Amino acid sequence: MTDRTSDTLDLAPSADDLDALRDKYAAERDRRLRPDGAGQYRRAAGEFGYYAKDPYTPWTERQALTDRVEVLVVGAGFGGLVTAARLRQAGIDSLRLMDEAGDVGGTWYWNRYPGVHCDIESYVYMPLLEEVGTVPEWRYAPGEEIRRHAVAIAEAFDLYRDAVFQTRITELTWDDDAAEWIVNTDRGDRMRARFVVTSSGTLSQPKLPGIPGIESFRGHTFHTSRWDYGYTGGTPDGDLTGLADKKVAVIGTGATGLQVVPHVGRDAQHTFVFQRTPSTVDVRDNRRTDPDWAASLRPGWQKKRQDNFLAVVSGEDVDVDLTQDGWTSTPDLQRAMITGKLDPALTPQERERRDELLDAQKMDAIRARVDAVVDDPTIAEVLKPWYRYMCKRPGFSDTYLQTFNRENVTLVDAADHGGITRMTETGIVVGDTEYEVDCVIFATGFEVGVSGVLSGTMPVHGRDGRTLLEAWARGPETLHGFYSHGFPNLFQLGALQNANSVNFVHILQDQAEHIAAVVTAARQAGAGIVEPSEEAQREWTREVQESAFDNEQFQADCTPGYYNSEGKGRPNDFTYGPGPVEFHRVLEAWREEHLDEVLRVETEVCS
Ligand code: NDP
């Protein structure tokens, strides 16, 4: 590809401009920093358990299970589904999917709010399109199309057989004599599994802001990931007729808020949007899939496109950008948070200067778009983001900013007060002003980065009863992020000591394929145990730490959010620094040369 930077840097701001911009960003960050950091949020549990209740599937009673399966896959989102599909393809008959939700789909099961769409191109995001025999209807697919695709995967690979839903693991205990896991659940199950794969997601538990008085509000309220269509009327396509006579508050203007606000703003009698930090809102340009293009696709097209997208956003050298959208035009900026290939010709200082200039240009364009779209200059000013591009998940919409030109929509700036000041029985207070509303919708996001295994909500007892959290007391130690010594036959999907990308489903897909290859190799070798040596996991942990890309300063300068643990910063050795493409190469080579090192045959597979 051509160098995008050389012809644009001439238009970049001067050094003085950059100094002024840095000062402005720092002032805006300081306005929002709260001493309680991530402690400001409340779990949707206990007295707030109502916010996590499943509104989509009625509760079904069932008998407790005491049976045995060869593989248990925990989590029926795309990570779990693709793993299960690949294992099925590899000939594993005894396979159980488990999820807390009432069906498959993971995030797409829960998030059914009006306007829900994927912000990554569906041709690279939705997995197994060719295997299922479909091409998405939209370039950026609506959530319902994605959820139905998850169901189609489960049907195509016969994954509903033996699946259990509305079920949460309460304990995993390794039985060394039988060489299998004992799985206890909140449904009284005590089942057994030779292998357990956890893919329990990193953005699944809804969180609420710890606003003083939040419990005193007497109107209607819910979280976007548990949308109450019984109250609002309508569907994920909109038409929220139940709101026609209602005053509604939407709290939160992240990726979800961007998609919800245009619908609520159009349909409610009046909408108050409470904004603490504005999102970047770039062009979306969604469109229906061209049927001629779909008909022209040849076998292997999806993998080629996915690999190309991953390579482009990871900064790899490629000849062509097949997707050409808001993600593939900004790899240099994304690298600040999600690492990838670095240009060896530049020193870290030169790279930082170049990235900062590009960032300033991009953010100027984002701010100019606000001016171009929003009629009232005072409102436009409040909607302008003042931080570097990757401090928050970049946003895309062609309807969000336009909503603030409506008479029945009010933007409330809550930045100065660390968010909303308090809630009363009848409304929301910011500073000294109370906004009376009938309904409060929390678009306030999710607890982040906490798979059940890591947070301890899914206690894992390995060999000798040692818990995984005890084993990781001085930090996680894994081989490639998948497994740990002392915890045989337990595989974890996720970004930890593994790879990351804005298209995380692609990462999950690669992980699923790797796990299927390892389990298949174990079966072929007659090995009952898959477990890395202490030395191998120590070496991998060291490699992840030594190859980490230093973005500590970038994070410290960012406006607070979940990307930087609300201003505290996040260890940058969480994922493999050289990026997902290089990580994939590492895994491929490892499968060729070292896979048998994790297999132990003294316990034979008997399935
Ligand atoms: P976010 O965590 O990104 O946003 C939460 C919002 O709530 C922020 O605007 C936050 O403000 C605001 N907020 C929190 N507390 C308060 C408070 N006390 N007062 C006022 N405002 C408050 O959650 P989202 O659900 O929007 O997105 C989460 C993630 O889900 C995304 O980053 C993305 O990864 C994923 N997602 C992906 C989509 C896709 O299409 N693939 C679509 C939607 C979501 P502040 O920024 O100041 O903290």
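One point on numbering: in this note's numbering, the residue at position 50 of the sequence shown is 84, and numbering is uninterrupted. Backbone N, C-alpha and C define an ideal beta-carbon position, used for all residues, glycine too. Being a predicted model, the structure only gives us computed values, none of them experimental.
Same chain, Cβ closer than 6 Å to residue i, five either side skipped, listed in chain order
i, result
"R38", "Note that R38 has pLDDT 40, beneath the 50 cutoff, so the model's placement of it is unreliable and the number below is only indicative. Cβ neighbours of R38 beyond the five flanking positions: none."
"P419", "P312 and T314"
"V116", "P161, Q543 and A546"
"D301", "L274 and L277"
"A197", "L131"
"A448", "F308, R310, I454 and V464"
"W144", "S259"
"E350", "K375 and V615"
"L99", "D223 and M225"
Residue i CB to nearest heavy atom of the ligand NDP below 7 Å
i, result
"H151", "yes"
"Y423", "no"
"R66", "yes"
"P270", "no"
"G286", "yes"
"L237", "yes"
"Y596", "yes"
"Q368", "no"
"T305", "no"
"T478", "yes"
"T201", "no"
"G291", "yes"
"R173", "no"
"F112", "no"
"A61", "no"
"R310", "yes"
"I462", "no"
"G453", "yes"
"A448", "yes"
"I643", "The chain is shown only over 35 to 641; residue 643 falls outside these bounds and no answer can be derived."
"R102", "no"
"I475", "no"
Bridge partner(s) assigned by DSSP for residue i
i, result
"I285", "F308 and F476"
"K241", "R77"
"M160", "Per DSSP, none; premise fails for M160."
"I203", "T219"
"M457", "I462"
"Q526", "T232"
"D209", "E214"
"I563", "R634"
"I224", "The question names Ile, but residue 224 is Arg in the sequence shown. The partner list for R224 (beta bridge, DSSP) reads N218."
"Y517", "L513"
"D617", "Per the sequence shown, the amino acid found at residue 617 is Phe instead of Asp. None; F617 has no bridge partner."
"Y469", "I462"
"D262", "DSSP output for D262 lists no bridge partner at all."
"G272", "T269"
"L445", "V307"
"V536", "Looking at the DSSP assignment, V536 forms no beta bridge with any residue, so it has no partner."
8 Å Cβ shell around residue i - same chain, five flanking residues per side excluded
i, result
"L43", "With a pLDDT of 46 at L43, under the threshold of 50, the modelled position of this residue cannot be trusted, and the question is left open."
"T458", "G247, S250, F251 and E468"
"V317", "G360, R403, F430 and D432"
"T201", "M132, D133, E134, T219, D220, R221 and D223"
Closer than 7 Å: residue i CB and nearest the ligand GDP heavy atom
i, result
"P243", "Questions concerning the ligand GDP fall outside what the structure shown contains, since the ligands it does hold are the ligand NDP."
Nonlocal neighbours in the same chain, by C-beta distance under 7 Å from residue i, ignoring five residues either side
i, result
"F199", "D133, A135, G136 and D137"
"Y159", "C152, N537 and V539"
"R604", "Q589 and N598"
"L661", "This structure leaves residue 661 out entirely; the chain is present only between 35 and 641."
"Y434", "L292, V295, P296 and V315"
"F480", "L237, S238, Q239, P240 and K241"
"L629", "V552 and A555"
"E636", "none"
"A379", "none"
Nearest-angstrom beta carbon gap, residue j and residue i [assumed within contact, 8 Å]
i, j, result
"F343", "T364", "That belief does not hold up - the Cβ atoms of F343 and T364 are roughly 13 Å apart, past 8 Å."
"G67", "G601", "A small correction: the amino acid at residue 67 is Leu; Gly does not occupy that position in the sequence shown. Indeed, because the Cβ distance is near 5 Å, the residues count as touching under 8 Å."
"V294", "T255", "Actually they do not touch by this definition, with Cβ atoms about 14 Å apart."
"Y85", "P243", "So it is not a contact: roughly 12 Å between Cβ atoms."
"V185", "V108", "At roughly 19 Å, the Cβ-Cβ gap does not stay under 8 Å, so V185 and V108 are not in contact."
"A283", "V166", "A283 to V166, Cβ: 40 Å. No contact."
"T25", "G113", "Here the chain comprises residues numbered 35 to 641, so residue 25 is not present and cannot be evaluated."
"P148", "P270", "6 Å"
"W172", "E179", "7 Å"
Residue-chain proximity (residue i, chain D), Cβ-Cβ < 8 Å
i, result
"T501", "Here chain D cannot be found, since the structure has a single protein chain."
**Q.** Complete runs of the alpha helix (DSSP H) confined to the segment 46-74 [at least 4 residues]
**A.** 49-66
Q. Quick one: complete beta strand (DSSP E) runs, 3+ long, within the segment 109-178?
A. 129-132
Q.
Give the list of continuous alpha helix (DSSP H) stretches no shorter than 4 residues that lie fully inside the segment 321-405.
A. 325-330, 335-347 and 365-368
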